[in-house]
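What follows is a short report on a single structure.
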Amino acid sequence: MDPPSPLPTLIRKKRDGERLEDAEIRSFVRGVTEGTAQQGQIGAMLMAIRLRGMDAGETLALTRAMATSGRALAWPPAWHGLVVDKHSTGGVGDKVSLALAPALAACGCKVPMISGRGLGHTGGTLDKLEAIPGFRVSLSPEEMCSALERVGCCIVGQSEELAPADRVLYGLRDVTATVDSVPLITASILSKKAAEQLSALVLDVKFGGAALYPTQDSARELARSLVEVGTQLGIRTVAVLSRMDQPLGRAVGNALEVLEALECLDGGGPPDLRQLVTALGGVLLWQCGKAAGAAQGRELLGRALDDGSARSTFEAMLGAQGVPPDTAQRLCSGTPAQRRRLLGMAKVCEELPALREGWVQEVRALPLAQVLHGLGTGRTRAGDPVDPLVGAELLVGAGQHLRAGEPWLRVHHEGTLGAGGRRVLQGALCLGPEPPRDPPPLVAETVVPEGSAPAPQ
């Protein structure tokens with residue numbers, strides 16, 4: 001074990017723009033994990049890293065130290081090369097994981113997906129799944145292995161044993177204004193993925209008006225950091241840059257997004273949701289050798305959605321994670337109306353009319369998400385409760401023509417939507433006198449390791 005370095009010395013060194021040695025970074029992470037570092041010292045180091053940055057070697061050392069701060073998962077040798085996962089930097093209406101994990105499992109992958117909860121205006125996969133009666137997001141490593149053996153996938157929260165240093169740092173980044181640091185984001189995401197002992201990883205790095213990064217250039221910087229560090233950790237890593245100006249799909253809100261994910265698993269649902277599910281899944285199937293290229297991977301993923309095998313796997317995953325078998329069966333095989341009744345309905349279902357005539361240019365995701373957050377879909381602090389039944393359904397999309405008075409949004413709430421909220425929601429609808437130009441592609445770019453050939457199509 002490395003001799004401990006005095007934390008004030010390390011903080012001062014990084015504050016002054018100097019490079020930290022690997023042993024110094026390990027010493028800092030050990031202090032975080034063991035509780036010997038004071039919160040003020042941790043916050044000071046986070047801010048020094050945010051302001052002064054880290055080079056690729058420092059970021060790799062930080063990621064490794066955080067990954068080894070707790071227990072690593074272990075898988076049977078027969079699964080070598082097949083253990084895959086996906087991570088998204090967060091968006092509005094992003095229910096991709098709910099369809100992607102079972103579709104990948106139906107294609108022969110093992111998917112131990114470790115997901116998070118919503119914070120701020122972005123939704124969390126665990127909150128969506130907990131809208132399903134009985135669903136357990138806390139599984140032990142042994143239970144995860146059993147689920148992967150029987151089903152092929154599970155979607156769980158981060159256990160206390162996995163990368164404990166990240167839990168401490170993650171909780172402090174939000175209150176120290178260091179959330180947007182590329183080295184800290186890279187280490188946070190990849191320390192958990194490294195502890196999962198993955199073979200391959202695809203990252204959905206979002207940019208736009210409702211994303212952490214507003215521009216494609218800023219998102220690319222994070223994507224490159226993630227891909228390079230992930231590759232050096234021995235994980236086959238690719239990042240996809242996707243746009244997040246408008247909600248993904250037509251539904252926003254936990255229970256409503258489960259219903260829309262089920263539509264995707266039925267072989268239907270909104271085209272943009274299916275496009276992103278198959279794009280990310282296609283890359284993973286290529287990375288783990290199940291497809292000769294990303295295009296063949298997309299085709300295989302689409303087939304699993306269309307032939308019912310992905311939906312059957314989702315039903316089996318629900319059963320493996322605590323949902324009563326009859327509930328899982330009714331949810332996956334029921335009609336849309338039966339599914340809605342099973343998950344429940346909010347007290348009020350209110351449609352908003354267009355205030356004037358025009359062509360829909362876009363529906364901006366951020367104001368929509370902010371209003372829904374205030375109605376109960378999200379949390380301001382970790383641990384806050386969420387209301388799974390609150391949400392909204394888009395009744396229109398870009399390129400459609402609206403007459404004044406026609407409904408464009410259906411809001412599900414508990415009677416708490418006031419005039420101010422309605423005003424903000426109306427501001428999310430952008431109308432113009434002419435049809436919009438063809439939208440740019442949802443997937444803007446794919447980032448592969450430096451020196452590698454582009455992903456074969």
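Using the working numbering, the letters of the sequence shown correspond one by one to residues 1 to 457.
For glycine and all other residues, C-beta sits at the position ideal for the given N, C-alpha and C.
In this text the structure is predicted, and so the values were computed from the model without any measurement.
Alpha-carbon to alpha-carbon, Val258 and Leu129: Within the sequence shown, the letter at position 129 stands for residue 129. Within the sequence shown, the letter at position 258 stands for residue 258. Going from the Cα of Leu129 to the Cα of Val258 covers about 7 angstroms.
Might you give, ordered along the chain, the residues of its own chain that have their beta carbon closer than 6 angstroms to the beta carbon of Leu265, omitting 5 neighbours on each side? The sequence position of residue 265 within the sequence shown is 265, counting from 1. Closer than 6 angstroms at Cβ, skipping near neighbours: Ala99, Ala310, Arg311, Phe314.
What number of angstroms, rounded off, separates the C-alpha of Ser27 from the C-alpha of Met113? Looking up residue 27 in the sequence shown gives position 27. Looking up residue 113 in the sequence shown gives position 113. Going from the Cα of Ser27 to the Cα of Met113 covers about 29 angstroms.
Could you spell out where the beta strand (DSSP E) holding Ala444 opens and where it closes? In the sequence shown, residue 444 corresponds to position 444, counting from 1. 443–447 is the span of the beta strand (DSSP E), which, as asked, contains Ala444.
Whose C-alpha, out of Val386, Arg167, Gly124, Glu362, is nearest the C-alpha of Glu34? As a working mapping, residue 34 is identified with position 34 in the sequence shown. The candidate whose alpha carbon is nearest that of Glu34 is Arg167.
Cβ-heavy atom distance, Leu395 to the ligand FMN, below 7 angstroms: Among the ligands in the structure shown, none appear at all, so the ligand FMN cannot be discussed.
Does Glu204 come out as helix, strand or coil in the three-state DSSP assignment? Translated into the one-based positions of the sequence shown, residue 204 becomes position 204. Note that residue 204 is Asp in the sequence shown, not Glu. DSSP places Asp204 in strand when its eight states are reduced to three.
Along the chain, where does the beta strand (DSSP E) containing Cys154 start, and where does it finish? The residue you call residue 154 lines up with position 154 of the sequence shown. Note, Cys154: beta strand (DSSP E), 153–157.
Backbone secondary structure at Ile185 - three-state DSSP: The residue you call residue 185 lines up with position 185 of the sequence shown. Helix at Ile185.
Taking contact to mean at least 3 C-beta pairs separated by less than 8 angstroms, is the region 237–255 in contact with the region 360–368? With a cut-off of 8 angstroms, the region 360–368 and the region 237–255 count as touching, because enough Cβ pairs lie within range.
In the DSSP assignment, find the unbroken alpha helix (DSSP H) run with Cys332 in it and report its ends. Here residue 332 corresponds to residue number 332 of the sequence shown, with the count starting at 1. Annotation for Cys332: the continuous alpha helix (DSSP H) segment containing it runs 325–333.
By a C-beta neighbour count over all protein chains shown, 10 Å radius and 16 as the cutoff for buried, is Cys107 buried or exposed? To locate residue 107, count along the sequence shown from 1; it is residue 107. That one is buried.
Ordered list of beta strand (DSSP E) runs contained in the region 100–169, each at least 3 residues: 111–115, 153–157
Apply the 10 Å Cβ neighbour rule to His121 and answer buried if 16 or more other Cβ atoms are within range, or exposed otherwise. Stepping through the sequence shown from its first residue, residue 121 is reached at position 121. Buried, because 16 or more other Cβ atoms sit within 10 Å of the Cβ of His121.
Through-space distance from Gly297 to Val473, alpha-carbon basis: Absent from the model: residue 473. The displayed extent of the chain is 1 to 457, so no value can be given.
In the structure shown, what three-state DSSP assignment does Trp75 receive? In the sequence shown, counting from the first residue as 1, residue 75 sits at position 75. Trp75: coil per DSSP, three-state reduction.
Determine contact between the region 72–82 and the region 206–223, defined as no fewer than three beta-carbon pairs at a distance below 8 angstroms. no
Determine the closest residue to Val227 out of Lys193, Thr278, Gly253, with distance taken between C-alpha atoms. By 1-based counting over the sequence shown, the position of residue 227 is 227. Checked all of Lys193, Thr278, Gly253; the closest Cα to Val227 is Lys193.
Going by other Cβ atoms of all chains shown within 10 Å of its Cβ, with 16 needed for buried, is Leu51 buried or exposed? The residue given as residue 51 occupies position 51 in the sequence shown. Exposed: under 16 other Cβ atoms inside 10 Å.
In its own chain, which residues sit with a C-beta less than 6 angstroms from the C-beta of Leu318, not counting the 5 before and 5 after it? Taking the first residue of the sequence shown as position 1, residue 318 is located at position 318. For Leu318, where only same-chain residues beyond five positions count, the Cβ hits under 6 angstroms are Ala328.
If we count the other Cβ atoms within 10 Å of its Cβ and call it buried at 16 or more, is Glu221 buried or exposed? Translated into the one-based positions of the sequence shown, residue 221 becomes position 221. Counting Cβ neighbours within 10 Å, Glu221 comes out exposed, since fewer than 16 surround it.
Mind listing, in chain order, the continuous beta strand (DSSP E) runs of no fewer than 3 residues lying wholly within the region 254–296? Not a single unbroken stretch of the beta strand (DSSP E) spanning 3 or more residues falls wholly within the region 254–296.
So is Lys14 buried or exposed if we call it buried at 16+ other beta carbons inside 10 Å? Taking the sequence shown and counting its residues from 1, one reaches residue 14 at position 14. With 16 or more Cβ atoms within 10 Å of its Cβ, Lys14 is classed as buried.
Taking only the alpha-carbon atoms, compute the straight-line gap between Asp204 and Ser242 and give it to the nearest angstrom. In the sequence shown, the residue the question calls residue 204 occupies position 204. In the sequence shown, the residue the question calls residue 242 occupies position 242. One alpha carbon belongs to Asp204, the other to Ser242, and they sit about 7 angstroms apart.
Using 8 angstroms for Cβ pairs, my map puts Val323 next to Ile132. What's the rounded Cβ distance? Start at 1 with the first residue of the sequence shown, and residue 323 comes out as number 323. Start at 1 with the first residue of the sequence shown, and residue 132 comes out as number 132. That belief holds up - the Cβ atoms of Val323 and Ile132 are roughly 6 angstroms apart, short of 8 angstroms.
For Val424, collect the residues of the same chain with a Cβ closer than 6 angstroms to its Cβ; drop the 5 residues on either side in sequence, then sort them by chain order. Within the sequence shown, numbered from 1, the residue matching residue 424 stands at position 424. So the qualifying residues of the chain are Pro367, Val371.
Shortest alpha-carbon distance to Ala195 belongs to which of Pro439, Val202, Glu161, Ile49? Locating residue 195 in the sequence shown gives position 195, counting from the first residue. Nearest in C-alpha terms to Ala195, of all of Pro439, Val202, Glu161, Ile49, is Glu161.
For Arg422 and Gly344, what's the separation of their Cα atoms in angstroms? Start at 1 with the first residue of the sequence shown, and residue 422 comes out as number 422. Start at 1 with the first residue of the sequence shown, and residue 344 comes out as number 344. Approximately 24 angstroms between the Cα atoms of the pair.
Looking at the unbroken alpha helix (DSSP H) that takes in Leu417, where does it start and where does it end? Locating residue 417 in the sequence shown gives position 417, counting from the first residue. Unbroken run through Leu417: none, as it is neither H nor E.
By Cβ distance, which residues of its chain are closer than 7 angstroms to Thr36, with the 5 residues on each side in sequence left out? Position 36 of the sequence shown, counted from the start, is the residue given in the question as residue 36. Excluding the 5 residues flanking it on each side, Thr36 has no same chain C-beta neighbour closer than 7 angstroms.
Taking contact to mean at least 3 C-beta pairs separated by less than 8 angstroms, is the region 62–74 in contact with the region 88–97? no
Grab me the residues of Ala255's own chain with a C-beta within less than 6 angstroms of its C-beta, minus the 5 sequence neighbours each way, in chain order. In the sequence shown, residue 255 corresponds to position 255, counting from 1. Closer than 6 angstroms at Cβ, skipping near neighbours: Ala131, Leu343, Pro388, Leu389.
Who are the near neighbours of Val200 in its chain, counting only those whose CB is closer than 6 angstroms to its CB and skipping five residues on each side? Translated into the one-based positions of the sequence shown, residue 200 becomes position 200. Contrary to the premise, residue 200 reads as Ala rather than Val in this sequence. Correct list, in chain order: Val84, Arg236, Leu284, Gln287, Cys288.
How far does the beta strand (DSSP E) with Gln85 in it reach, from first residue to last? For the purposes of this step, residue 85 is taken as the residue at position 85 of the sequence shown. The question names Gln, yet the displayed sequence has Asp at residue 85. Here the beta strand (DSSP E) through Asp85 covers 84–88.
With 16 other Cβ atoms within 10 Å as the buried cut-off, status of Thr9: Taking the first residue of the sequence shown as position 1, residue 9 is located at position 9. Label assigned to Thr9: exposed.
Starting from the Cα of Arg303, find the closest Cα among Pro102, Leu233, Gly334 and give me that residue. In the sequence shown, counting from the first residue as 1, residue 303 sits at position 303. Minimum Cα distance to Arg303 is reached at Pro102.
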